Amino acid sequence: MNSELDATPAASLAVATQAELQTPAPTERRRLRVQKTYKMFAGGQFIRSESGRYFQVTDVSGATTGEAENIPLASRKDGRDAVKIAHGAWAGWSGKTAYNRGQILYRLGEVMEARAAELAHDLHRSLGLSGDLARAEVEASIDRVLSFAGWSDKFQALLCSSNPVAGPHFNFSVPEPMGVVATLAPRRPSLLGLVSAILPALVAGNTCVVLASEEDPRTALSFCECVATSDVPAGVLNVLTGKASEVAPHLARHQEVAALDLWTEDDALARQLEELAVGTVKRVRRRTPSTIDFSSSSLESLATIERFVEMKTVWHPVGV
Amino acid sequence: MSMTHDPPKAAVPALDFGAAWTYAPAPEATDHVKIKPRHELFIDGSWQAPRSGRYFDSISPSSEAKLTEVAEASEADVDAAVSAARRAYEQVWSRMKPLERGKYIYRIARRIQEKARELAVAESLDGGKPIKESRDVDIPLAAAHFFYYAGWADKLDHAFPGSNPRPLGVAGQVIPWNFPLLMAAWKIAPALACGNTVVLKPAETTPLTALMLAEIFREVDLPPGVVNIITGAGATGAALVRHPGVDKVAFTGSTAVGKQIQKSLAGSRKKLTLELGGKAANIVFADAPIDQAIEGIIGGIFFNQGHVCCAGSRLLVEESVHDLVVRKLKDRMATLRLGDPLDKNTDVGAINSRMQLEKIRELVAAGEQEGAERFSAPCPLPPRGFWFPPTIFTNVSLSHRIAREEIFGPVLSILTFRTPEEALEKANNTFYGLSAGIWTDKGAKLFWMANRLRAGVVWGNTYNKFDPTSPFGGYKESGFGREGGKAGLLPYLEVNG
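Residue numbers (my numbering), protein chains in the order written: chain C, 298 to 617; chain B, 16 to 512.
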């Protein structure tokens with residue numbers, strides 16, 4: 298996988314349609330499969346990398362013919378474009394009522410349920426998960442989305458406070474979204490990890506630019522098809538594919554990124570990103586996926602959302 | 016908005032107070048305050064001579080007279096302090112029943128109240144702030160902060176139910192010179208309540224009250240090593256935050272130093288909270304109660320000589336009342352009394368240090384050069400010490416340095432706006448995001464603005480109010496993490512999820 302990522306564009310260009318050329322003897326029942334062109338997801342659109350580059354992934358499960366598929370290799374400019382889009386979408390998303398955001402995220406769960414078989418198939422062929430394991434991960438992911446949809450209009454009441462200041466003032470603190478969160482999604486689990494990473498930020502009213510699992514970008518992109526058909530406004534979630542080490546540094550130093558959410562084992566990369574984040578005093582959250590039990594309900598806790606809010610305190614005098 | 020409310024400038028002459036505001040001196044007595052000629056480091060419950068062997072002077076900025084000399088902690092001293100804090104954490108503090116922990120913190124609060132007078136005098140001597148502020152704001156709030164967090168010590172499970180809150184270990188804390196004792200309280204009280212131990216470094220120009228606080232720790236029998244106070248300058252602070260035995264770093268100070276600290280901690284997995292600079296917009300609508308707003312503007316920028324990270328240093332005035340507001344501000348500025356910080360009538364004290372005075376002068380010169388119009392209060396400045404008169408700039412545009420950079424002095428930049436949208440756009444047009452003020456009689460407009468201002472603290476029809484129950488902290492480059500309230504516990508705890 299990594300060597301393919303490292304392949305130069307020129308080396309990758311030769312890949313064509315061998316599968317079609319080796320078409321077996323025609324029968325009446327056979328038809329040529331329509332292959333999917335995998336594209337990244339930004340601004341509600343499915344897009345290729347502006348760089349024209351791609352890398353390849355192949356099935357590991359033997360479920361299909363094992364042909365290589367091309368995945369966009371995001372560039373620095375793709376990253377910057379995505380941040381601009383996410384920043385533009387933030388006012389609309391954070392300005393929606395919490396009830397509305399909850400319904401939209403619930404709708405995402407509905408669409409995922411309808412497309413569960415496809416998501417499970419992606420996990421199966423990309424990571425070699427058995428059918429049962431793949432289905433279980435998809436189901437856990439859907440349930441996680443549902444859990445966060447329910448948080449939408451509730452976490453505020455648990456995080457906010459009315460503060461009994463010693464004076465004639467009405468004083469309260471409320472959670473507000475941070476802005477654009479740049480997320481390094483876990484390599485594994487590629488779907489449950491992605492969902493666990495982004496839902497806390499999204500439900501709090503942030504918009505996200507995500508670098509999908511390098512190991513399994515296809516499941517992330519299929520997930521984006523769920524997002525695209527579930528009333529999530531364009532630009533709220535943007536998913537890039539490619540090398541984290543190439544794109545993430547540009548996100549880490551971008552002025553309009555408020556927070557970094559790093560789900561990575563790579564200490565050197567995390568350190569580099571934390572250093573770059575200093576330029577604009579970004580909030581940096583770090584997780585080590587290998588130490589996390591992704592089935593744990595603690596990943597649906599209030600604390601996961603609290604990591605992506607700012608507390609605002611408002612004072613006003615009381616008197617006549 | 017009707018323009019008719021705005022009287023023509025010439026029709027309303029400036030107020031002439033004559034000699035009505037000449038007050039006899041009313042200095043606070045200092046004879047009950049004994050300042051030791053030399054201060055050592057407070058490590059492991061005792062005063063220890065610095066391994067560095069070096070001391071530096073702490074002077075009074077109002078007289079430039081030497082008050083005392085203070086030990087300069089080296090890396091070896093930092094190491095000793097962190098080791099003491101680690102031992103105290105593992106052997107005593109983290110094992111203590113939470114309610115017992117709370118009782119120690121209550122004792123500290125009570126002792127601060129008992130010693131309020133001498134602490135206030137020391138604070139004004141060492142830092143230059145008016146005694147009425149140290150007496151009525153700094154010291155009472157410091158005591159209140161300890162009292163508030165003392166009560167949290169045994170209630171953390173209620174604050175974060177189901178999250179198994181637990182302490183982090185040793186907290187390394189570095190605080191600024193503008194509210195020396197109060198910042199020490201903001202840092203130490205929640206850290207202790209959550210079960211952590213502390214190494215605190217006060218600012219090099221204002222170490223005195225933190226060292227007096229150390230004496231209080233001895234008096235209340237706080238177990239040795241639970242709080243260690245080490246003095247020094249930037250190098251000492253850097254050694255503290257980088258020390259591998261420190262689990263959590265809390266810093267209040269400039270954005271520039273905050274960034275250095277954040278960078279030095281990259282990859283370390285230490286928890287970090289930063290409370291940094293600000294360039295707050297104080298927004299006055301034409302429908303505001305103008306005379307109240309004038310008091311809020313004056314307090315917002317001249318409180319503590321403007322050495323306040325949340326100072327309302329950018330005044331945004333609705334265009335139709337600009338001239339009226341400026342005239343009233345000038346009238347009010349003419350009544351401000353600048354001088355001896357220990358005089359109970361003093362409104363504006365001394366600038367904290369020569370370095371800070373030079374920084375203020377440099378930015379004010381830049382304001383004049385860039386074409387803004389300066390007005391300084393016509394008050395005489397004492398011959399010795401560091402002073403700067405209350406100053407406002409009109410005709411300021413958003414691109415001027417005095418509208419973008421934190422001056423941290425008694426200098427206000429005035430800009431105008433026509434619509435709430437424009438006010439919002441200008442207010443948020445800054446890398447900072449610590450605080451903001453809104454003055455209007457329209458409740459719906461006030462909350463519309465409050466929701467959209469990207470700032471951690473928003474004062475509506477008031478300014479510069481603080482309370483231990485009220486979370487305080489910034490958005491954007493004003494830092495992250497909160498101090499005060501329930502939210503102020505989180506930076507000192509590990510929680511599940």
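Think of the CB as a built atom: it goes at the ideal place given N, C-alpha and C, for glycine as much as any other residue.
On a predicted model such as this, the values are computed, not experimentally measured, just so you know.
Whose Cβ in chain B lies nearer than 8 Å to the Cβ of residue i?
i: C:S348; result: Neighbours of C:S348 on chain B: none; closest Cβ ~29 Å, over 8 Å.
i: C:D564; result: G282
i: C:W612; result: V472, V473, W474, G475, T477, K480 and S485
Could you tell me whether any Cβ in chain C is nearer than 8 Å to the Cβ of residue i?
i: B:K274; result: yes
i: B:A88; result: no
i: B:K13; result: A question about residue 13 of chain B goes unanswered here, because the residues of chain B that appear run from 16 up to 512.
i: B:G249; result: no
i: B:K501; result: yes
i: B:F194; result: no
i: B:F318; result: no
Please list, in chain order, the chain C residues whose beta carbon lies closer than 7 Å to that of residue i.
i: B:Q277; result: V575 and V578
i: B:G465; result: Here residue 465 of chain B turns out to be Ala, not Gly, going by the sequence shown. Those are V611, listed as they occur along chain C.
i: B:R257; result: Chain C residues near B:R257: none, gap ~14 Å exceeds 7 Å.
Does the beta carbon of residue i sit closer than 8 Å to a beta carbon anywhere in chain B?
i: C:V462; result: yes
i: C:E364; result: no
i: C:V586; result: Before going further, note that residue 586 of chain C is Pro rather than Val in the sequence given. No, C:P586 does not count as interfacial toward chain B.
i: C:H551; result: no
i: C:E572; result: yes
i: C:N503; result: no
i: C:H466; result: yes
i: C:S444; result: no
i: C:D450; result: no
i: C:L318; result: Because C:L318 carries a pLDDT of 47, less than 50, the predicted location of this residue cannot be relied on, and the following value inherits that uncertainty. So no, C:L318 is outside the interface.
At the level of alpha carbons, what is the spacing between residue i and residue j?
i: B:G166; j: C:A413; result: 50 Å
i: B:I127; j: B:E55; result: 21 Å
i: C:S438; j: C:G389; result: 26 Å
i: C:L499; j: B:R66; result: 52 Å
i: B:A288; j: B:G314; result: In the sequence as presented, Ala is not what sits at residue 288 of chain B; that position holds Thr. Distance between the alpha carbons of B:T288 and B:G314: 27 Å.
i: C:W612; j: C:S519; result: 46 Å
i: B:E333; j: B:F462; result: 17 Å
i: C:G399; j: C:K336; result: 27 Å
i: B:M111; j: B:A206; result: 14 Å
i: B:Y38; j: B:Y119; result: 43 Å
i: C:R583; j: B:R284; result: 8 Å
i: B:E290; j: B:R497; result: 8 Å
i: C:W448; j: C:K540; result: 32 Å
i: C:G376; j: C:H547; result: 7 Å
i: B:A199; j: B:H322; result: 16 Å
i: B:E219; j: B:F495; result: 24 Å
By the criterion of Cβ-Cβ separation under 7 Å, what are the contact partners of residue i in chain B?
i: C:M409; result: Chain B residues near C:M409: none, gap ~23 Å exceeds 7 Å.
i: C:A567; result: G282
i: C:E607; result: G471 and Y490
i: C:S458; result: G500 and K501
Is the Cβ-Cβ distance between residue i and residue j less than 8 Å?
i: B:C325; j: B:L430; result: no
i: B:G354; j: B:P405; result: no
i: C:R515; j: C:V354; result: yes
i: B:E79; j: B:R469; result: no
i: B:A100; j: B:G240; result: yes
i: B:E138; j: B:K144; result: yes
i: B:L378; j: B:I422; result: yes
i: C:F605; j: C:A556; result: yes
i: C:R441; j: C:S372; result: no
i: B:A451; j: B:A438; result: no
Below 9 Å on C-beta distance, what does residue i contact in chain C?
i: B:L449; result: Near B:L449 there are no residues of chain C at all, since even the closest Cβ is about 11 Å away, more than 9 Å.
i: B:A225; result: Correct list: empty, because the minimum Cβ distance to chain C is about 24 Å.
i: B:L289; result: V578
At a CB-CB cut-off below 8 Å, which residues of chain C make contact with residue i?
i: B:S178; result: S598, L599 and A600
i: B:G327; result: Those within 8 Å of B:G327 in chain C number zero; the least Cβ separation is about 13 Å.
i: B:N511; result: S595, S598 and A600
- Query: Using 8 Å as the threshold, is the stretch 268–288 of chain B in touch with the stretch 576–585 of chain C, meaning 3 or more CB pairs across them?
  - Reply: yes
Per the contact definition of three or more C-beta pairs closer than 8 Å, is the stretch 454–465 of chain C in contact with the stretch 474–492 of chain B?
yes
Quiz prompt | the stretch 124–138 of chain B / the stretch 45–62 of chain B touching (three or more Cβ pairs under 8 Å) | solution = yes
Segment contact flag, the stretch 257–274 of chain B with the stretch 291–308 of chain B, C-beta cutoff 8 Å, min 3 pairs: yes
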